[in-house]
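Everything below concerns the one structure shown next.
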Ligand SMILES: *Cc1c(COP(=O)(O)O)cnc(C)c1O
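In the working numbering, the protein residues as written are 47 to 432.
Structure representation (structure tokens):
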């Protein structure tokens with residue numbers, strides 16, 4: 047990802063910053079586009095993974111739709127040229143203001159997460175003399191076998207409607223004149239790499255669509271959500287997620303009826319490998335038990351390791367280019383006044399010095415978007431390969 051010219055450029059650029067490799071992004075989007083198009087599957091990009099304007103513009107140029115989880119994201123999607131007929135809006139706590147914004151924008155579909163929300167959308171749509179299109183987000187009780195902080199499809203999670211509440215849902219739908227039922231929606235978690243999990247999801251979706259049809263509701267859209275993972279351990283040798291296998295599971299196991307559309311909402315898999323967080327070593331602290339590399343980037347720029355115990359490859363780009371030294375172990379930490387502000391403990395790195403450029407890889411998803419101003423830090427900058 048980094049040739050010597052790039053590293054030289056980094057040396058003279060103020061750190062920290064996000065470095066976007068636009069070619070990696072393009073190739074990833076192309077692979078996803080090609081793998082989904084062969085089955086006529088529709089992909090909506092989950093904006094919350096990364097809403098950097100240049101990233102959004104490139105994703106939009108591939109014709110993907112947008113999956114939003116706030117009014118702000120609905121607005122951003124439309125501003126960046128995602129067609130309103132390709133915008134969906136999920137979220138367990140949509141405010142009246144956000145629902146009104148989405149109604150005014152005539153989005154494709156609300157992914158509704160409770161019976162109460164159905165009533166509210168119906169009321170707000172009625173006040174505008176509109177009909178809101180809705181899909182029901184069902185909690186399928188499928189274990190995503192991922193970190194418990196990013197699992198969303200179990201009965202104990204706050205997201206979606208549980209199956210024992212579905213009779214209330216169909217009653218509410220029947221009684222709501224300003225709602226048009228489109229279909230069913232699922233999203234079971236994130237960073238899922240085991241395709242068996244998606245097979246289980248397909249089986250649950252098939253059962254659920256039978257249930258709705260038995261109750262007199264025709265399903266036009268099967269929305270399977272997102273969650274496809276990336277290889278955080280091998281960003282250079284396994285850069286692009288296996289979109290072929292992913293979509294094939296749904297092709298093989300989802301019972302798609304004539305006229306139905308199948309929708310996907312991918313975030314991480316489309317953007318994670320396209321960016322690295324680039325920072326400098328400020329200080330090297332050699333302790334009796336521990337060596338610390340203190341970087342000029344911390345949890346305010348990339349919080350995933352601290353929030354989800356997430357693993358990222360960490361490289362010393364300055365010393366890697368002249369591999370004369372033996373590796374040492376360092377705890378790689380940030381400057382923020384929190385003990386948890388540590389990217390990783392016991393990282394094997396060549397002997398490192400003040401001023402060395404450090405890359406934290408695979409930071410394109412849930413990185414820049416989660417940056418904060420804690421400690422009154424300046425907003426992290428972005429640099430692009432083109
Ligand atoms: C976050 C989210 C996604 C995308 O998840 P990834 O793991 O980034 O693919 C899709 N759908 C919904 C409803 C989400 O909240």
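We put the beta carbon where it would ideally sit given N, CA and C, even for glycine.
Neighbourhood of residue i by C-beta, 6 Å cutoff - its chain only, sequence neighbours within 5 removed
i	result
residue 311	90, 92, 113, 271, 272
residue 261	216
residue 318	276, 408, 410, 411
residue 378	339, 360, 389, 390, 393
residue 259	none
residue 148	120, 135
residue 246	188
residue 325	61, 62, 341, 342, 343, 404
residue 244	295
residue 168	222, 224, 225
residue 331	338
residue 122	97
residue 386	352
residue 204	138
Own chain residues within Cβ distance below 8 Å of residue i, not counting five before or after
i	result
residue 66	98, 100, 101, 320, 321, 410, 428, 429, 430, 431
residue 357	278, 279, 351, 390
residue 416	348, 349, 350, 353
residue 241	291, 292, 295
residue 10	This structure cannot settle anything about residue 10, because the visible part of the chain is limited to 47 through 432.
residue 214	161
residue 402	326, 327, 362, 363, 364, 365
residue 130	124, 151, 152, 153, 154
Cβ-Cβ separation, residue j to residue i (assumed contact under 8 Å), whole Å
i	j	result
residue 249	residue 230	Going by Cβ atoms, the distance from residue 249 to residue 230 rounds to 14 Å, so no, they are not a contact pair.
residue 337	residue 375	7 Å
residue 340	residue 323	Going by Cβ atoms, the distance from residue 340 to residue 323 rounds to 15 Å, so no, they are not a contact pair.
residue 177	residue 158	So it is not a contact: roughly 14 Å between Cβ atoms.
residue 161	residue 184	The pair is not a contact, with the Cβ atoms about 12 Å apart (cut-off 8 Å).
residue 96	residue 414	6 Å
residue 269	residue 232	7 Å
residue 421	residue 396	Their Cβ separation, rounded to whole angstroms, is 30 Å, which puts residue 421 and residue 396 out of contact at 8 Å.
residue 289	residue 78	5 Å
residue 88	residue 309	5 Å
residue 418	residue 346	5 Å
DSSP beta-bridge partners of residue i
i	result
residue 427	63
residue 388	379
residue 309	88, 269
residue 393	376
residue 284	Note: residue 284 sits in no beta bridge, so no partner.
residue 361	405
Chain-order list of residues whose beta-carbon lies under 7 Å from that of residue i (same chain, five-residue window excluded)
i	result
residue 128	106, 111, 112
residue 170	142, 145, 146, 149
residue 285	70, 319
residue 282	47
residue 85	293, 297
residue 116	137, 144
residue 32	The first residue shown for the chain is 47 and the last is 432, placing residue 32 beyond what the model contains.
beta-carbon residue i near ligand 3 non-hydrogen atom, thresh 7 Å
i	result
residue 347	The model on display carries ligand 1 but not ligand 3.
Mind pulling the alpha helix (DSSP H) runs of 4 or more residues that sit fully within the stretch 207-280? 212-221, 241-260
Mind listing, in chain order, the continuous alpha helix (DSSP H) runs of no fewer than 4 residues lying wholly within the stretch 70-113? 99-107
Using only Cβ atoms and a threshold of 7 Å, which residues come within that distance of a heavy atom of ligand 1? Order them by chain position. 92, 94, 95, 113, 115, 136, 157, 233, 236, 237, 271, 272, 273, 274, 311, 312, 313, 314, 315, 411
To test your reading of the DSSP string, which unbroken beta strand (DSSP E) runs of 3 or more residues are found completely within the stretch 303-356? 307-312, 321-332, 337-341
Entirely within the stretch 116-195 and at least 4 residues each: give me those alpha helix (DSSP H) ranges in chain order. 117-125, 142-150, 161-173
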